[in-house]
Amino acid sequence: MRSTTATLRAAFRDAIAQRGAFWSQVGAMVVNDIVWVAFWLIFFHRVGRLRGWDSHRILLLFAILTTSAGLGLGLLSNCRRIGQMAAEGDLDAMLALPVPTLGHLLVRRVDTVNLGDFAFGVVLFAIVGARRPSEVGIYVFGVGASVLIFTGFLVLTGSIAFYAGRSQVGDLGLHAILLLSSYPANVFTGAAKALLYTAVPAAFVAAVPSHLLVSFSLGEAAVLAGAAAVFPLAGWAAFSAGLRRYTSGSLWTRA
Amino acid sequence: MRRALPVAGLTAARRALSRQSDLVVSFGFYVIVVGVLSALWRAAAESHHGSIAGYSGTALTWYIAASEAATVALNVRMIEYIGQDISGGAVAVEMLRPAPVVLVRLASEAGQGVARVIPLAGLGAAMSTLVAGGPPSLLGATLALPALGLAVVCNLAMQHAVAAAAFWTRDARSSWFLYQKFVFVLGGMLLPLQILPGWLQHVAFSLPFMAMSYVPARLASGHVEPLLLAVQLGWLVVAVAAAVAMFGAGQRRLQVVGG
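Here the protein sequences line up with chains C and V, keeping their order.
For the first sequence, position 36 matches number 37 in my numbering, and the numbering has no gaps at all.
For the second sequence, position 252 matches number 360 in my numbering, and the numbering has no gaps at all.
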């Protein structure tokens, strides 16, 4: 645990070493998020309520999504690169270290751009959601579960490269979960909706936590906690089993 | 030079079609994004008695299929990559060729973009027909095809003009983010421009981004307005002229250390 914390601290210092680039990237992401908020405000201003969603509810969803995606893709940024690293033999250096490979890999690199997402999400929640201490507690629980599901899913899809060689499933998985979790889940019906709660767990990343903020129920919170246990475990199992099949690229590494 | 540009375009088109893994990702992403956005807009139209801002659910589905094809066909981070080529010195090597750097680059990227947008448009048409029904107007859908090509080239030229700022700033890492957001909202990629508030509509219709997404989408959604193609051509001339001027000025002051 101490080595993981030390690695994360070093990665963070490395990421913020160039202050100008750091702030410009954080700022660009914040502007990006503001544009999305503007889109949703325009949408709901024109459309009104849509299947139980309004501008307040979508802003809560967006606060949770940006906070958790910012943490997952910012502090654990290698979770999106596992497929590429496995296919290109980029894991060599980590295998020689006396630390758990997956944990070290995940905290080895910090992506500054996504820290802008994190900051935006916290500020947005403070503006639209943090009215009672209980809401702050639900938000922290929802974000924690969301980060676990999001990261577990990306590790799972990235690990397919251990079995299939150079695979695009990891890239597609990232696009799919980010995109699908940024829209109201009940826009979808039938099989598409079922998909969001199973194979691509986008509904658990933002829609379910935001629903808990609006109308908390123990049953729904338990389901979210269950998903937050299943996906990281599945990701860890797929990565660990895949690592046994890994063959070196004889590279010393960009990880 | 007359032969260099078509050769660059054709070679790049073949290269784009041969990279099957890239195609799988962009087609997969396209299917997801069109599925999500069109479902959202169909639900919005349904909640407004079947039509919103003059678009039916079917029209909105065809709109999104075309607007997304025009943007997914291009590399989203192109401005960043052009900036890296400028600040890293790759452009200096390209200046040794007996043809203008920016025109060769544009021809090459246009070859790739058009090669991708054609199958994407086919995929979008199939998806739209499957989930919402056939095109609202066959003539409109036919006009949308050349509009898609013009949208891709117009977008490319403007991205080169913006990225050329790296000759002065040495860094285009963040500007692609902001540029894409202009295309998303003011270009009409996420929503028809008629949805925007009145003052913002005026702004959007007077900017070049509408030529990069809104025009093919408007035509594909059944609004037969051939004049839009002329508007696109006008913006294309402006964008190419801006890219040529920016690269010309930038190349004159380019200094590369080492090599």
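Glycine included, C-beta positions come from ideal geometry on N, C-alpha and C.
Opposing strand residues paired with residue i [DSSP bridges]
i, result
"residue 171 of chain V", "BP columns for residue 171 of chain V are empty, so no partner."
"residue 51 of chain C", "C:54"
"residue 163 of chain V", "V:160"
Beta carbon of residue i nearer than 8 Å to that of residue j
i, j, result
"residue 147 of chain V", "residue 328 of chain V", "no"
"residue 348 of chain V", "residue 280 of chain V", "no"
"residue 355 of chain V", "residue 272 of chain V", "yes"
"residue 269 of chain V", "residue 351 of chain V", "yes"
"residue 232 of chain C", "residue 161 of chain C", "no"
"residue 302 of chain V", "residue 165 of chain V", "no"
"residue 129 of chain C", "residue 60 of chain C", "yes"
"residue 177 of chain V", "residue 232 of chain V", "yes"
"residue 84 of chain C", "residue 159 of chain C", "yes"
"residue 209 of chain V", "residue 359 of chain V", "yes"
"residue 29 of chain C", "residue 117 of chain C", "yes"
"residue 316 of chain V", "residue 252 of chain V", "no"
"residue 120 of chain V", "residue 219 of chain V", "yes"
"residue 58 of chain C", "residue 201 of chain C", "no"
"residue 25 of chain C", "residue 148 of chain C", "no"
"residue 237 of chain C", "residue 103 of chain C", "yes"
CA-to-CA distance, residue j to residue i, given in whole angstroms
i, j, result
"residue 309 of chain V", "residue 42 of chain C", "15 Å"
"residue 222 of chain V", "residue 150 of chain V", "28 Å"
"residue 247 of chain V", "residue 72 of chain C", "48 Å"
"residue 155 of chain C", "residue 319 of chain V", "36 Å"
"residue 219 of chain C", "residue 211 of chain C", "14 Å"
"residue 13 of chain C", "residue 27 of chain C", "14 Å"
"residue 321 of chain V", "residue 78 of chain C", "32 Å"
"residue 170 of chain C", "residue 203 of chain C", "16 Å"
"residue 368 of chain V", "residue 277 of chain V", "Residue numbering for chain V in the displayed model covers 109 to 367; residue 368 of chain V lies beyond these limits and cannot be assessed."
"residue 243 of chain V", "residue 127 of chain C", "45 Å"
"residue 243 of chain C", "residue 164 of chain C", "7 Å"
"residue 180 of chain V", "residue 263 of chain V", "12 Å"
"residue 294 of chain V", "residue 312 of chain V", "5 Å"
"residue 105 of chain C", "residue 248 of chain C", "19 Å"
"residue 330 of chain V", "residue 217 of chain C", "44 Å"
"residue 190 of chain V", "residue 357 of chain V", "16 Å"
"residue 7 of chain C", "residue 100 of chain C", "12 Å"
"residue 238 of chain V", "residue 94 of chain C", "49 Å"
"residue 5 of chain C", "residue 91 of chain C", "19 Å"
"residue 113 of chain C", "residue 250 of chain V", "44 Å"
"residue 255 of chain V", "residue 340 of chain V", "8 Å"
"residue 143 of chain V", "residue 343 of chain V", "30 Å"
"residue 229 of chain V", "residue 132 of chain C", "47 Å"
Residue i in three-state terms, based on DSSP
i, result
"residue 139 of chain C", "helix"
"residue 184 of chain C", "coil"
"residue 367 of chain V", "Note that residue 367 of chain V scores 47 on pLDDT, short of 50, meaning its location in the model is unreliable and no value can be drawn from it."
"residue 176 of chain V", "helix"
"residue 256 of chain C", "Below a pLDDT of 50, predicted positions are generally treated as unreliable, and residue 256 of chain C, at 49, falls in that range; no measurement from the model is reported."
"residue 287 of chain V", "helix"
"residue 93 of chain C", "helix"
"residue 126 of chain V", "helix"
"residue 112 of chain V", "helix"
"residue 203 of chain V", "coil"
"residue 15 of chain C", "helix"
"residue 333 of chain V", "coil"
"residue 119 of chain C", "helix"
"residue 1 of chain C", "An answer regarding residue 1 of chain C cannot be provided, because it is not within the stretch 2 to 256 covered by chain C."
"residue 247 of chain C", "coil"
"residue 112 of chain C", "coil"
"residue 132 of chain C", "coil"
"residue 216 of chain C", "coil"
"residue 201 of chain C", "coil"
"residue 282 of chain V", "coil"
"residue 60 of chain C", "helix"
"residue 5 of chain C", "helix"
Problem set entry | Any 3 or more C-beta pairs closer than 8 Å across the segment 137–153 of chain C and the segment 192–208 of chain C | Output reads yes: the segment 192–208 of chain C touches the segment 137–153 of chain C.
Exercise. Do three or more CB pairs link the segment 64–79 of chain C to the segment 108–122 of chain C at distances below 8 Å?
Worked result: Taking 8 Å as the limit for Cβ pairs, the verdict is that the segment 108–122 of chain C does touch the segment 64–79 of chain C.
Exercise. Does the segment 128–141 of chain V come within contact of the segment 193–210 of chain V, defined as at least 3 CB pairs closer than 8 Å?
Worked result: These segments do not touch.
Exercise. Do three or more CB pairs link the segment 180–193 of chain C to the segment 99–114 of chain C at distances below 8 Å?
Worked result: The answer is no - the segment 99–114 of chain C does not touch the segment 180–193 of chain C, with fewer than three Cβ pairs under 8 Å.
Problem set entry | Three-pair Cβ contact test at 8 Å for the segment 155–172 of chain V versus the segment 34–52 of chain C | With a cut-off of 8 Å, the segment 34–52 of chain C and the segment 155–172 of chain V count as touching, because enough Cβ pairs lie within range.
Exercise. At a cut of 8 Å, does the segment 33–41 of chain C reach the segment 287–307 of chain V through at least three beta carbon pairs?
Worked result: The answer is yes - the segment 287–307 of chain V touches the segment 33–41 of chain C, with three or more Cβ pairs under 8 Å.
For this session: Count the C-beta pairs between the segment 332–339 of chain V and the segment 179–189 of chain V that are closer than 8 Å, then say yes if the count reaches three, no if not.
Result: No, because fewer than three Cβ pairs between the segment 332–339 of chain V and the segment 179–189 of chain V fall closer than 8 Å, the two stretches do not touch.
Problem set entry | Touch test, the segment 132–144 of chain V against the segment 172–189 of chain C, Cβ-Cβ under 8 Å, three pairs minimum | By the Cβ test, the segment 132–144 of chain V is in contact with the segment 172–189 of chain C, since at least three Cβ pairs between them sit closer than 8 Å.
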